[in-house]
Each structure stands twice: as C-alpha cells, then as structure tokens.
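Chains A, B and C supply the protein sequences, listed in that same order.
When we follow this note's numbering, the leftmost residue of the first sequence carries the number 4, and every step to the right adds one.
When we follow this note's numbering, the leftmost residue of the second sequence carries the number 14, and every step to the right adds one.
When we follow this note's numbering, the leftmost residue of the third sequence carries the number 3, and every step to the right adds one.
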Amino acid sequence: MTQRKIQSESKRKPLADKIFKIGATIAGVYVLAIIVLMVFQLFSESYPIWQESGFEFIVKTDWNAVEGRESFGVLPYIFGTLVTAALAMVIGVPLSIGIAMFVSDAPAKIGNPLGFVVELLAAVPSVIYGLWGLFVFRVYFRDWIEKPLNDAFGDSIWLFSGTPFGLDIITASVILAIMIIPTVSAVSREVMKAVPQQQKEAAYMLGATKWEMFKLAIFPYSKTGLIGASILGLGRAVGETMAVTMLIGNATGASAIPSSLFKPSQTMSSIIANEFVEASPASLHLPALIGVGLVLLLIAICINIVAHLLVTRMLKIKEGAINN
Amino acid sequence: MSTVQQRRQQYRALFKQNVERRLLIDKIVRIIVFACVIMAIIPFGSILVEVFKNGAAAISIEFLTQIPGAAGTGEGGIGPAIQGTLIIIGLASLIGVPIGVLSGIFLSEYGDNPLARSVRFFNDVFMEFPSIVLGIFAFLVIVLVLGHFSVWAGAFALSLIMFPIVARTTEESLKMVPVSYREAGMALGLKKWIVTLRIVVSAAKSGMITGILLSISRIGGETAPLIMTILGSSQFFSNFDVPMDALPLRIWRLSLLPYDSAQLQGWGAALVLIIIILGINLAVRYFFMNKRRKYKLFGYAINGSR
Amino acid sequence: MTAMTEGSTIDMTPVIDSVSSSTIVEKKYKMIAENVTVLYGGIPAVKNVSMKFPEKTVTALIGPSGCGKTTFLRCLNRMHDMTKNAKVEGKVMIDDIDLYSKDIDPIYHRRKVGMVFQKPNPFPTMSIHDNVTSGLRLNGVRDKKILDEIVEDSLKMAYLWDEVKHDLHKPALELSGGQQQRLCIARALAIQPEVLLMDEPASALDPIATQKIEETITELKKDYTIIIVTHNMQQAVRISDYTGFLYLGELIEFRETKKLFTDPKNELTAKYVQGRFG
Numbered sequence: 004m005t006q007r008k009i010q011s012e013s014k015r016k017p018l019a020d021k022i023f024k025i026g027a028t029i030a031g032v033y034v035l036a037i038i039v040l041m042v043f044q045l046f047s048e049s050y051p052i053w054q055e056s057g058f059e060f061i062v063k064t065d066w067n068a069v070e071g072r073e074s075f076g077v078l079p080y081i082f083g084t085l086v087t088a089a090l091a092m093v094i095g096v097p098l099s100i101g102i103a104m105f106v107s108d109a110p111a112k113i114g115n116p117l118g119f120v121v122e123l124l125a126a127v128p129s130v131i132y133g134l135w136g137l138f139v140f141r142v143y144f145r146d147w148i149e150k151p152l153n154d155a156f157g158d159s160i161w162l163f164s165g166t167p168f169g170l171d172i173i174t175a176s177v178i179l180a181i182m183i184i185p186t187v188s189a190v191s192r193e194v195m196k197a198v199p200q201q202q203k204e205a206a207y208m209l210g211a212t213k214w215e216m217f218k219l220a221i222f223p224y225s226k227t228g229l230i231g232a233s234i235l236g237l238g239r240a241v242g243e244t245m246a247v248t249m250l251i252g253n254a255t256g257a258s259a260i261p262s263s264l265f266k267p268s269q270t271m272s273s274i275i276a277n278e279f280v281e282a283s284p285a286s287l288h289l290p291a292l293i294g295v296g297l298v299l300l301l302i303a304i305c306i307n308i309v310a311h312l313l314v315t316r317m318l319k320i321k322e323g324a325i326n327n
Numbered sequence: 014m015s016t017v018q019q020r021r022q023q024y025r026a027l028f029k030q031n032v033e034r035r036l037l038i039d040k041i042v043r044i045i046v047f048a049c050v051i052m053a054i055i056p057f058g059s060i061l062v063e064v065f066k067n068g069a070a071a072i073s074i075e076f077l078t079q080i081p082g083a084a085g086t087g088e089g090g091i092g093p094a095i096q097g098t099l100i101i102i103g104l105a106s107l108i109g110v111p112i113g114v115l116s117g118i119f120l121s122e123y124g125d126n127p128l129a130r131s132v133r134f135f136n137d138v139f140m141e142f143p144s145i146v147l148g149i150f151a152f153l154v155i156v157l158v159l160g161h162f163s164v165w166a167g168a169f170a171l172s173l174i175m176f177p178i179v180a181r182t183t184e185e186s187l188k189m190v191p192v193s194y195r196e197a198g199m200a201l202g203l204k205k206w207i208v209t210l211r212i213v214v215s216a217a218k219s220g221m222i223t224g225i226l227l228s229i230s231r232i233g234g235e236t237a238p239l240i241m242t243i244l245g246s247s248q249f250f251s252n253f254d255v256p257m258d259a260l261p262l263r264i265w266r267l268s269l270l271p272y273d274s275a276q277l278q279g280w281g282a283a284l285v286l287i288i289i290i291l292g293i294n295l296a297v298r299y300f301f302m303n304k305r306r307k308y309k310l311f312g313y314a315i316n317g318s319r
Numbered sequence: 003m004t005a006m007t008e009g010s011t012i013d014m015t016p017v018i019d020s021v022s023s024s025t026i027v028e029k030k031y032k033m034i035a036e037n038v039t040v041l042y043g044g045i046p047a048v049k050n051v052s053m054k055f056p057e058k059t060v061t062a063l064i065g066p067s068g069c070g071k072t073t074f075l076r077c078l079n080r081m082h083d084m085t086k087n088a089k090v091e092g093k094v095m096i097d098d099i100d101l102y103s104k105d106i107d108p109i110y111h112r113r114k115v116g117m118v119f120q121k122p123n124p125f126p127t128m129s130i131h132d133n134v135t136s137g138l139r140l141n142g143v144r145d146k147k148i149l150d151e152i153v154e155d156s157l158k159m160a161y162l163w164d165e166v167k168h169d170l171h172k173p174a175l176e177l178s179g180g181q182q183q184r185l186c187i188a189r190a191l192a193i194q195p196e197v198l199l200m201d202e203p204a205s206a207l208d209p210i211a212t213q214k215i216e217e218t219i220t221e222l223k224k225d226y227t228i229i230i231v232t233h234n235m236q237q238a239v240r241i242s243d244y245t246g247f248l249y250l251g252e253l254i255e256f257r258e259t260k261k262l263f264t265d266p267k268n269e270l271t272a273k274y275v276q277g278r279f280g
C-alpha cells in the first residue's frame with residue numbers, strides 16, 4: 004500500500020509547486036500585459052486627435068487649445084526633443100568617453116572612487132538638476148557665454164540669435180548632457196575594460212604611446228559598444244522630463260521649433276508636463292497630449308532597441324575574437 | 014652586411030623622427046582626458062554645494078513639519094511633501110516589489126523557454142519607457158476611471174518603474190546562487206517552491222535587497238509620473254483617494270513661483286530629498302556593493318529619476 | 003669566470019669559437035641584462051638576474067611555472083611599464099644603451115625589440131596587410147609602395163607569404179592559429195627590430211604549426227638575436243644555442259644549450275632537465 008502511494012506521489016507534480024509556478028509566471032507576463040494595455044490605452048484615448056487630424060498630427064506645427072479653433076501638431080516638439088537630445092550627445096558623449104578613458108586606465112585607487120562619484124551623479128533626481136540649472140547654472144551660463152556670444156555673433160550667425168534669457172535650447176541641452184554622462188561613461192568604461200590585455204600589449208610592443216594604444220587596440224575593438232553606450236544615453240535624453248521642462252522656456256506651436264540656441268523651445272515630455280493637468284478632457288487638448296505621449300513612447304522604444312542590439316553585438320565580437 | 018641588414022637600415026631610415034611629436038600628442042590627450050573628468054566633477058560638486066548651502070538656510074523644525082503657507086510669504090513648510098514622499102514610496106513598493114521579485118524568480122528559475130525570453134526582452138524594453146508616459150497610463154486607467162486624482166494612481170505609476178528593475182536585479186542575484194544549492198535542496202526531497210524561497214532566495218538576499226533599495230532611491234526622485242496622478246496638495250495625507258504632495262512635486266511647483274522665499278523653500282526641499290536619496294544610495298553601496306563587487310552591474314541599470 | 007651565488011653556477015665566460023680553440027674570441031653581445039630585479043607590489047618575482055645575449059643567436063629561457071622567465075623576458079622591452087604595481091630595477095643594455103636610463107625615451111629604443119606573445123593576438127579589426135603595417139604607420143611610414151614592400155618582406159621572413167599572398171586584405175581573424183602566430187611574427191619583424199622576444203610562441207599551437215614556427219626561428223636567427231621562453235625542453239634543445247635556467251626568480255645556470263642539457267653543472271638544473279620536477 005505504501006509503495007503504491009509513493010509511486011503515485013512521484014508521478015503527480017506537487018500542487019504547491021504548480022501554484023508557485025503559475026504565480027511566478029503570472030508575475031512574469033505582467034509586464035507583457037502592461038505593455039499591451041498601455042499601448043492600447045494610449046492609442047484609444049488619443050483617438051480623437053487621430054480621428055480629427057489623422058497623420059497630419061505628426062507633421063502639423065499648430066498648438067491652439069482655444070475652443071472653436073483647436074488645432075494641434077506634435078512636430079515642433081519632436082524637433083525639440085531630437086535637437087536637445089542631439090546637442091546633449093554632442094556635448095556629453097565626448098566628455099563621457101574621455102572620462103571612461105581616464106577611469107579605465109587609471110590605477111584602481113583613483114579609478115574606482117572616481118567612477119563611483121560619476122555614477123552617483125546618476126542618482127540625483129532630474130528635478131534637482133532642474134533647480135540647480137534654473138538658479139545657479141543658468142545665471143553664469145547666460146552672463147558668461149550666452150550674452151557675449153549673442154552680442155558678438157547674434158546678427159551674423161543664426162545659431163546665436165535671439166535675446167538670451169537663459170531658458171532656452173542650449174541651457175536645457177547642456178544640463179541634459181551632464182545627466183547622460185553617468186550612463187554613457189559607465190557603459191563605455193565597461194566596454195573599454197573588455198578589451199583583452201593582449202591587444203593592448205601588442206600595441207605597446209610596437210612602440211605605441213598610450214594614446215596610440217587607444218587608437219590601435221581599444222577603440223577599434225570597442226567601437227560598436229561605444230556607439231551602443233552613446234545611444235543608451237540618447238535614449239535617456241529623449242525620455243528626460245523635469246530638468247528640460249524647467250529650462251527650455253516653454254514655447255508652444257510653431258515658435259517652439261528650434262531656430263536658435265538662445266531661443267526657448269519645447270520637448271514632447273515638457274509639453275505634457277506643462278499642460279496635462281490643465282487640459283480639459285472634453286476638448287481635443289487632452290487627446291492631443293496623450294498623442295504626444297504615444298509618439299514619444301514609440302521614438303524612445305526604437306532608440307533603445309537599437310542601442311541594445313549594438314551593445315550585445317559588440318559582446319559577441321569579443322567572444323569571437325577570444326575563441327579564435 | 015647581409016641583405017637583411019641592408020634592407021633593415023634602408024627601411025629604418027624611413028621612420029620619421031616623430032617620436033617627440035608623438036609624445037607631445039600623448040601628453041595633450043592626457044590633459045584633455047583629465048579635463049573631461051574635472052568637467053564632470055564640477056557640476057556634481059556645485060549641485061551638492063548649492064543644495065546644502067542654500068537648503069540649510071531653509072531648514073527648521075517648522076519647515077519640516079508645517080504645511081505650506083501662502084505663496085510668497087515664506088511661511089509654512091514642506092511637511093506634507095515629506096510625508097507624501099514616504100507614503101508613496103511605501104505604497105509603490107508594496108505593489109511593485111512582490112511583482113518584481115516573483116517575476117525575477119520566474120525568469121531565473123523557470124526561465125529557459127521562449128516565453129521567459131520574451132518576458133526578459135520586454136522587461137528590458139519596458140525599463141526604458143519614459144516615466145511621464147507611465148504617468149499618463151496611470152492617469153488613464155485609474156484617475157479617469159475613479160474620477161479624481163489619487164494616491165493609488167501615483168503609487169501604481171511608480172510601481173511600474175520599480176518592478177522591472179526589481180525583476181532584473183532579482184533574476185541576476187538568483188542566477189548567482191550556485192546550482193548545487195538547488196540540487197542539494199531537491200536531493201533532500203524538498204518541493205521546488207520551498208527550495209526556491211527558503212534556500213535560493215535566502216542565498217541571494219543581499220543582491221535582491223540591493224536591487225530593491227536602489228529602485229526605491231530611483232522612484233523617490235521621480236516627478237513626472239506624479240504630476241497627473243497625485244497632483245500635489247497643501248494638506249497632509251488624509252486618504253488614498255485624494256491628491257497628495259511629494260517632495261519632487263513640491264520642488265517643481267516652488268521653482269515656478271517668482272518669489273525668493275519660494276526659491277529658498279525649494280532649496281530646502283531639495284536638500285531633504287537629496288539626503289534621502291543619496292543616503293539610500295551610499296548606504297547600499299557601502300553595505301552591499303563594497304563587499305560583493307559582482308553587484309556593481311546594478312549601478313548603471315538603475316539610473317536617473319526623470 | 004664564474005659567479006657563485008648560493009648554490010648556483012653561472013657560466014659567463016666569453017664564448018669560445020669552436021673552430022679555432024686556441025683563441026678566445028669575445029662574441030659581440032646584442033643585449034645585456036644586469037642585476038635585473040622585478041617587484042610586484044613589493045614581492046620579488048625576478049631576483050638580481052644578469053645575462054648576456056650574443057648577437058644572432060637563439061637563447062632559450064627555461065624553468066618551472068612561476069620561475070620568472072616570462073617576467074624577466076618582459077623586462078627586455080620595458081613591457082612592465084604597462085603593468086600596475088610592477089617595479090623594475092637594474093639595467094637592460096641594447097647596443098650599450100640602457101633601456102631603463104632616465105635620459106632616453108623608451109619608444110625609440112623599444113622599436114629595436116619586437117615581441118611575440120603566447121597566444122596569437124593580431125588586431126581583430128584589421129586585415130593581414132594592416133596588421134603587419136600597424137607598427138610602421140605609427141612611425142610615420144605612409145608610402146603605399148614601401149608599405150607593400152615591407153609587408154611582403156616581413157611575411158616572407160615569417161614563412162607566411164605564400165599562404166596569404168593572394169588575399170592580403172582578408173581579416174586577420176580568418177587565419178588559423180598557427181598562421182595568426184606567424185602573422186604576429188611578421189608584425190614584429192615589420193618594424194625592423196634587431197632583437198626578437200618570444201614568450202612560448204608555439205605553446206598554443208598544434209605540432210605541425212609548432213614545427214613551422216621552429217623552422218622560422220631557425221632561419222631568423224641568421225639576422226636577429228632571439229630570446230625565447232619555453233616550457234618545452236625538447237624545443238629548447240632543437241632550436242637554441244644558449245639556455246638559461248631560472249628557478250624561483252633566480253638565474254641558476256646559463257650555458258651553451260648542449261652543455262647545459264648533457265652536463266648540467268648545478269644540481270637543480272640536473273633535476274629539472276631530467277624531469278624530476280616541473
């Protein structure tokens with residue numbers, strides 16, 4: 004009788020295990036459900052604006068919430084997001100790679116604490132970056148850089164035109180650059196550290212200086228990974244909200260289209276932050292803002308998928324070289 | 014002289030006398046690279062200095078415990094905001110941590126199949142969703158449905174930020190536990206769920222706690238998703254179905270006011286917030302990451318409150 | 003002339019020309035290491051080693067694992083500059099110039115010393131041609147004709163030319179292990195060194211590839227001074243003229259290869275070459 008009991012017990016999977024597995028699986032697919040639900044909700048709640056303008060919503064530059072003359076277009080904010088993010092990359096990526104070069108090559112005693120401090124930069128909330136940018140950085144930047152450049156070149160170079168008040172594209176972009184440095188430099192550092200020692204030794208053997216060793220052995224090897232790191236930074240810059248909102252100057256509609264470094268603008272996330280709670284659900288205004296959110300989401304997803312692909316591809320190359 | 018030696022001399026003669034120049038370039042690069050480091054440290058140092066310097070002037074018992082006064086008067090404090098931040102973090106954790114941990118267990122212990130692989134992929138993708146969009150989502154499914162701004166909506170939004178992070182860090186921590194632990198448990202005849210929870214999770218405890226704490230520090234500084242969910246308030250917490258205040262929100266709203274006194278209060282609130290967040294971060298790194306270098310990876314997986 | 007240190011016998015007599023035994027001819031020494039000591043974080047890995055390497059010969063450095071032979075080899079081209087925590091004392095003279103002296107710049111003189119490592123390490127993102135010219139381009143050689151000439155010359159000397167001449171722009175990683183190692187030899191030869199340092203160059207290769215490498219070395223010694231670290235004693239016997247035996251960071255014996263293996267003067271050497279420990 005005992006034998007039969009043991010046999011039948013070992014065939015059945017214990018109920019508790021089954022329940023546990025089901026529970027864990029539900030938790031796992033929760034994210035899938037949320038994503039599906041989110042995309043669905045965003046699309047359906049913004050449907051009124053798609054119904055009204057169709058694809059034009061993406062290319063229009065109006066932004067008029069006045070009843071009777073409602074017209075919304077997300078294009079200026081797409082430009083705002085992309086321009087500030089691109090500028091942030093132009094400023095932030097070289098700095099990050101420089102930092103990664105320094106930290107990856109410095110002795111551990113200096114390199115580790117330094118890397119740690121740079122990573123702590125990532126923990127500072129965006130709203131505090133915004134606060135500091137607004138009351139500290141902006142003042143110096145406006146007086147020491149924006150005003151002189153504007154005085155000297157304001158009329159000749161369109162980049163420097165406008166009346167610099169400090170709440171503009173360039174200020175937002177610089178703060179954004181500072182904010183992406185921790186991400187880009189941390190990943191770059193890992194990528195550079197992954198270069199095998201033998202590669203560096205080969206370069207050294209040929210009589211290379213340290214910089215030449217970077218050029219010969221480290222950069223070619225880690226190029227893909229560095230690009231991936233930069234695009235991760237781009238992804239972060241695109242999704243960034245508060246610091247940008249506080250510094251970009253809050254222009255709307257066609258005047259938000261980036262036309263000069265010293266003119267105010269607007270990004271997709273900042274227009275939402277600025278106007279969402281004031282928008283009346285009865286009008287087209289709220290659906291338009293939700294539509295902006297949907298567009299922002301799609302752009303952010305694309306950028307991040309590209310970044311992940313590049314970083315994993317670089318790791319595969321590294322494995323290939325070692326196995327050879 | 015052999016032909017090889019002849020050729021060698023011939024070729025050597027072609028080497029440019031460029032060693033000096035190469036050493037000079039190397040030196041210049043070193044200086045530039047060091048300058049990059051300085052340029053990153055300066056803002057960080059400046060932020061800390063300004064927050065502490067300006068914020069300290071605002072701090073007082075009244076400031077930390079009273080409700081905000083009339084705008085511009087400089088009276089009152091950020092009591093509700095501090096309370097609100099603690100409440101929203103707690104509630105969001107109650108929702109997000111269990112889901113995240115279970116999800117991490119799923120990925121680690123039941124993870125060798127196509128479903129788990131797609132879950133892992135989408136989990137990583139989801140982590141990069143702009144947090145303001147998460148706020149919109151919470152607004153749509155909770156605020157619009159219930160008809161008012163509420164703490165539930167804010168906690169839900171923040172939980173969406175938390176759980177993918179916790180899932181990933183949990184998965185990685187569990188994966189670091191040697192297979193032999195599980196085998197030993199099974200060999201003792203224990204059921205899998207007991208093995209997982211009591212043996213494997215126990216072993217992975219510190220990694221998991223690290224991940225949870227870092228994700229808490231991340232959501233503590235989040236502002237965007239709170240804008241359209243808890244909205245903000247000048248009153249202390251009363252119940253979950255009404256708006257509430259939180260430190261990041263209050264900082265933002267104060268920064269929009271044109272009064273010096275509001276600015277000062279903003280710095281004060283920023284000081285409190287930064288102490289909480291950097292405090293959690295430093296504590297985690299000191300207690301957990303120092304001793305086990307393997308958790309270093311968590312650092313850049315969890316970055317930036319938006 | 004012998005130097006006695008704690009149970010070791012180091013034969014530093016001028017090499018006698020075997021043809022005319024009546025005259026003692028001082029062979030020219032290409033490289034001389036004097037009292038070289040290497041400390042890793044304060045702990046000595048190489049203790050006070052002195053050796054003289056006659057030109058156009060092959061010297062093998064043998065000894066059990068961890069005896070310091072690779073560490074010592076890396077002193078000869080200042081490779082330890084790259085290693086953190088490593089401190090090198092002593093002199094390494096190449097053509098009467100001390101590589102470690104404060105007034106000379108190592109780049110200029112490191113060009114005289116090429117190195118081949120244990121595992122082939124061609125630059126993975128470059129073609130065969132570009133790998134060979136990598137050192138040349140550092141030195142400012144741009145002329146395409148000259149570069150092609152040197153590529154052919156170096157690959158021929160490394161016994162790789164015939165196998166790759168039809169497609170020099172193939173990625174270097176597509177070569178087999180043995181070919182990659184010969185490519186690394188060609189890369190080192192391209193900068194026209196006079197000394198070649200080789201750190202167990204054939205240990206990661208199959209027997210056929212090893213044989214090719216050994217043939218290459220035997221040919222190369224006509225024009226280069228070669229110092230090779232090897233854990234394979236038969237290899238040392240096959241290709242080297244002189245052998246130095248190191249143990250626990252010290253040089254125990256340094257003599258003509260034949261003599262060291264058939265009639266070791268030191269008990270420790272005898273034990274090692276008989277395979278009593280390894």
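We put the CB at the ideal spot given by N, CA and C, even for glycine.
> How should ALA192 of chain C be labelled, buried or exposed, when 16 other C-beta atoms within 10 angstroms of its C-beta is the threshold for buried?
Replying inline: The residue you call residue 192 of chain C lines up with position 190 of the third sequence. When all chains shown are included, ALA192 of chain C counts as buried.
>> Taking the alpha helix (DSSP H) that ALA240 of chain A belongs to, which residues open and close that run?
In response: Working through the first sequence from its first residue, we reach residue 240 of chain A at position 237. From DSSP, the alpha helix (DSSP H) with ALA240 of chain A extends over 222-242.
> Buried or exposed: HIS131 of chain C, going by 16 or more other Cβ atoms within 10 Å of its Cβ?
Replying inline: Reading the third sequence from its first residue, position 129 is the one you call residue 131 of chain C. Looking at its Cβ environment, which holds 16 or more other Cβ atoms inside 10 Å, HIS131 of chain C is buried.
> Counting along the chain, where does the alpha helix (DSSP H) carrying PHE144 of chain A start and finish?
Replying inline: Sequence index remark: in the first sequence, residue 144 of chain A carries index 141 (1-based). Element bounds for PHE144 of chain A: 141-144.
>> Any beta carbon of chain A sitting closer than 8 angstroms to that of ALA190 of chain C?
In response: Locating residue 190 of chain C in the third sequence gives position 188, where the first residue counts as 1. With 8 angstroms as the cut-off, ALA190 of chain C counts as an interface residue toward chain A.
>> For LEU227 of chain B, count the other beta carbons within 10 Å of its own beta carbon; 16 or more makes it buried, fewer makes it exposed. Which is it?
In response: Against the second sequence, residue 227 of chain B aligns to sequence position 214. Buried, since its Cβ has 16 or more Cβ neighbours within 10 Å.
> If you compare alpha carbons, which of A:ILE221, A:LYS266 and A:ALA303 is closest to THR3 of chain A?
Replying inline: The displayed coordinates of chain A run from 4 to 327. Any statement about residue 3 of chain A would go beyond what the structure contains.
> DSSP puts ILE80 of chain B in a beta bridge; with which residues?
Replying inline: Residue numbering aside, residue 80 of chain B sits at position 67 when the second sequence is read from its first letter. The partner list for ILE80 of chain B (beta bridge, DSSP) is empty, contrary to what the question assumes.
> Could you give the distance in angstroms between the alpha-carbon of ASP137 of chain B and the alpha-carbon of VAL42 of chain A?
Replying inline: Walking along the second sequence from the start, residue 137 of chain B turns up at place 124. Walking along the first sequence from the start, residue 42 of chain A turns up at place 39. Each residue's alpha carbon lies about 16 angstroms from the other.
> Which residues in the same chain as VAL295 of chain A place their Cβ atom closer than 7 angstroms to its Cβ, once the five residues preceding and following it in sequence are excluded?
Replying inline: As a position in the first sequence, residue 295 of chain A is number 292, starting the count at 1. Contacts found: VAL77, TYR80, MET271, ILE274 and ILE275.
> Does DSSP classify LEU270 of chain C as helix, strand or coil?
Replying inline: Looking up residue 270 of chain C in the third sequence gives position 268. Three-state result, LEU270 of chain C: helix.
>> To the nearest angstrom, how far is the alpha carbon of MET92 of chain A from that of ALA94 of chain B?
In response: Against the first sequence, residue 92 of chain A aligns to sequence position 89. Against the second sequence, residue 94 of chain B aligns to sequence position 81. When rounded, the distance between both Cα atoms is 34 angstroms.
> Can you list, in chain order, the residues of the region 56-84 of chain C whose Cβ is nearer than 8 angstroms to any Cβ on chain A?
Replying inline: Per Cβ criterion, the list reads ASN79, MET81, ASP83 and MET84.
>> Let's see if you can read the secondary structure: which residues bound the alpha helix (DSSP H) around SER106 of chain B?
In response: As a first step, residue 106 of chain B is located in the second sequence; it is residue number 93 there, counting from the start. That run of the alpha helix (DSSP H) goes 92-122.
> Under a CB-based cut-off of 8 angstroms, is LYS29 of chain B close to chain C?
Replying inline: Stepping through the second sequence from its first residue, residue 29 of chain B is reached at position 16. With 8 angstroms as the cut-off, LYS29 of chain B counts as an interface residue toward chain C.
>> On a Cα-Cα basis, can you pick out the residue from C:THR264, C:VAL118 and C:VAL143 that is closest to ILE229 of chain C?
In response: The sequence position of residue 229 of chain C within the third sequence is 227, counting from 1. When only C-alpha atoms are compared, the closest one is C:VAL118.
> Any residues in the region 101-115 of chain A with a beta carbon nearer than 7 angstroms to a beta carbon of chain C? Which ones, in chain order?
Replying inline: PRO110
> In chain order, what residues of the region 126-155 of chain C put their CB closer than 7 angstroms to some CB of chain B?
Replying inline: ASN141, GLY142, VAL143, ILE148, ILE152 and ASP155
>> Taking the alpha-carbon of ILE306 of chain A as reference, which of B:GLN96, B:PRO143, B:LEU171 and B:GLU63 has the nearest alpha-carbon?
In response: What you label residue 306 of chain A is simply residue 303 of the first sequence in a count that begins at 1. For ILE306 of chain A, the nearest C-alpha among the options comes from B:PRO143.
> Does any CB atom of chain B fall closer than 8 angstroms to the CB of VAL86 of chain A?
Replying inline: Locating residue 86 of chain A in the first sequence gives position 83, counting from the first residue. VAL86 of chain A does not count as touching chain B.
> Would you call HIS161 of chain B buried or exposed, if buried means 16 or more other Cβ atoms sit within 10 Å of its Cβ?
Replying inline: Residue 161 of chain B sits at position 148 when you count from the first residue of the second sequence. The residue is exposed, with fewer than 16 neighbouring Cβ atoms inside 10 Å.
> Given a threshold of 16 other Cβ atoms within 10 Å of its Cβ, counted over all protein chains shown, does MET216 of chain A qualify as buried or as exposed?
Replying inline: What you label residue 216 of chain A is simply residue 213 of the first sequence in a count that begins at 1. Result: buried.
> Going along the chain, which residues of the region 209-229 of chain C sit with their C-beta nearer than 8 angstroms to a C-beta in chain B?
Replying inline: Listed in sequence order: LYS224 and ASP225.
> Can the beta-carbon of LEU250 of chain A be found less than 8 angstroms from the beta-carbon of ARG141 of chain A?
Replying inline: Along the first sequence, read from residue 1 onward, the residue named residue 250 of chain A stands at position 247. Along the first sequence, read from residue 1 onward, the residue named residue 141 of chain A stands at position 138. Yes, these two residues count as a Cβ contact at 8 angstroms.
>> With DSSP as the reference, identify every bridge partner of GLY89 of chain B, one or two as the case may be.
In response: On the second sequence, position 76 is the one that residue 89 of chain B refers to. DSSP, once it has assigned bridges, lists B:PRO81 as partnering GLY89 of chain B.
>> Going by DSSP, what residue range makes up the beta strand (DSSP E) through PRO46 of chain C?
In response: Position 44 of the third sequence holds residue 46 of chain C. From DSSP, the beta strand (DSSP E) with PRO46 of chain C extends over 45-56.
> For TRP66 of chain A, which beta-bridge partners are listed by DSSP?
Replying inline: For the purposes of this step, residue 66 of chain A is taken as the residue at position 63 of the first sequence. DSSP lists A:PHE75 as the bridge partner or partners of TRP66 of chain A.
> Would a C-beta distance cut-off of 8 angstroms place VAL38 of chain C and PRO46 of chain C closer than the cut-off?
Replying inline: Indexing the third sequence from 1 puts residue 38 of chain C at position 36. Indexing the third sequence from 1 puts residue 46 of chain C at position 44. Not in contact: VAL38 of chain C and PRO46 of chain C (Cβ atoms no closer than 8 angstroms).
> Mapping DSSP to helix, strand and coil, what is TYR194 of chain B?
Replying inline: By 1-based counting over the second sequence, the position of residue 194 of chain B is 181. Of the three classes helix, strand and coil, the one that applies to TYR194 of chain B here is helix, per DSSP.
> Is it buried or exposed for MET257 of chain B, if we count other Cβ within 10 angstroms and need 16 for buried?
Replying inline: Position 244 of the second sequence, counting from 1, holds the residue named residue 257 of chain B. Counting C-beta atoms within 10 angstroms of its own C-beta, MET257 of chain B has 16 or more neighbours from the protein chains shown and is therefore classed as buried.
> CA-CA distance, SER172 of chain B and PRO151 of chain A?
Replying inline: Locating residue 172 of chain B in the second sequence gives position 159, where the first residue counts as 1. Locating residue 151 of chain A in the first sequence gives position 148, where the first residue counts as 1. Cα to Cα, the separation comes out at about 47 angstroms.
> Which chain B residues sit within Cβ distance under 7 angstroms of TYR161 of chain C?
Replying inline: Position 159 of the third sequence holds residue 161 of chain C. The contacting residues do not exist; TYR161 of chain C stays about 15 angstroms from chain B at best.
> At what residues does the beta strand (DSSP E) containing VAL213 of chain B begin and finish?
Replying inline: Taking the first residue of the second sequence as position 1, residue 213 of chain B is located at position 200. Run containing VAL213 of chain B: none; DSSP gives neither H nor E here.
> If contact means a Cβ-Cβ distance below 8 angstroms, which residues of the region 91-117 of chain C contact chain B?
Replying inline: ASP107, ILE109, TYR110 and ARG113
> Along the region 46-62 of chain B, what residues have a CB closer than 8 angstroms to any CB found in chain A?
Replying inline: VAL46, PHE47, ALA48, CYS49, VAL50, MET52, ALA53, ILE54, PRO56, PHE57, SER59 and ILE60
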